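Notes to accompany the following structure.
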Amino acid sequence: VLLAIGRDACTRNIGLQTIGVKINEKNGKVPVNDEEQTNVPYVYAIGDILDGKLELTPVAIQAGRLLAQRLYGGSSKKCDYINVPTTVFTPLEYGSCGYPEQKAIDEYGEQNLEV
694 VLLAIGRDAC TRNIGLQTIG VKINEKNGKV PVNDEEQTNV PYVYAIGDIL DGKLELTPVA
754 IQAGRLLAQR LYGGSSKKCD YINVPTTVFT PLEYGSCGYP EQKAIDEYGE QNLEV
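Following this line, the structure appears as structure tokens:
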């Protein structure tokens, strides 16, 4: 029997609430803006604790590198969380890249899409 119920971030008891960082109470994940900044200035989050972002190691590594370059290297380049190629290795292998279909329809209108 396999029970796959998702991940829960272990962020509730590490003191984030002490400094005012907002946490999604449902899953413990941290909401951030497009530069990985939390609601508290100068507090950033990357990786699997991001609310609504991809939970992939290569994405976390890239986000960390880009954050360091923005903070210390004068760069303005941000992590692209949308156009990330992903694959699933099961007996029927498949991959994806970009928006889910419904989000693409909401964003661009059905008449502007080819599926």
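Counted the way the numbering used here counts, the sequence shown spans residues 694 to 808.
Backbone N, C-alpha and C define an ideal beta-carbon position, used for all residues, glycine too.
Fair warning: this is a prediction, and the values are worked out from it, not measured in the lab.
Report back the beta-carbon spacing between ILE712 and ARG705 to the nearest angstrom; my notes put them in contact at under 8 Å.
Indexing the sequence shown from 1 puts residue 712 at position 19. Indexing the sequence shown from 1 puts residue 705 at position 12. Not confirmed; about 14 Å, so no contact.
Just to confirm, is the Cβ distance from GLU728 to ARG758 under 8 Å?
Against the sequence shown, residue 728 aligns to sequence position 35. Against the sequence shown, residue 758 aligns to sequence position 65. No, these two residues do not count as a Cβ contact at 8 Å.
Give the range of the beta strand (DSSP E) segment to which TYR765 is assigned.
In the sequence shown, residue 765 corresponds to position 72, counting from 1. Unbroken run through TYR765 is the alpha helix (DSSP H), 750-765; no beta strand (DSSP E).
Unbroken beta strand (DSSP E) run spanning TYR801, endpoints:
Your numbering for residue 801 matches position 108 in the sequence shown. Unbroken run through TYR801 is the alpha helix (DSSP H), 794-801; no beta strand (DSSP E).
Go ahead and label THR750 buried or exposed: buried means 16 or more other beta carbons lie within 10 angstroms of its beta carbon, across all protein chains shown.
On the sequence shown, position 57 is the one that residue 750 refers to. Exposed is the call here.
Starting from GLY788 and walking both ways along the beta strand (DSSP E), at which residues does that stretch end?
Taking the sequence shown and counting its residues from 1, one reaches residue 788 at position 95. First-last of the beta strand (DSSP E) with GLY788: 787-789.
Who are VAL723's beta bridge partners in DSSP?
Counted from its first residue, the sequence shown places residue 723 at position 30. Beta-bridge pairing links VAL723 to LEU743.
Compare the Cα-Cα distances from VAL777 to each of GLN755, ILE798, GLU786, GLY766 and report the closest residue.
Taking the first residue of the sequence shown as position 1, residue 777 is located at position 84. Comparing Cα-Cα distances from VAL777 to each of GLN755, ILE798, GLU786, GLY766, the minimum goes to GLN755.
Short check: CB of VAL723 to CB of VAL714, under 8 Å?
Working through the sequence shown from its first residue, we reach residue 723 at position 30. Working through the sequence shown from its first residue, we reach residue 714 at position 21. Yes, the pair counts as a contact, with Cβ atoms nearer than the cut-off.
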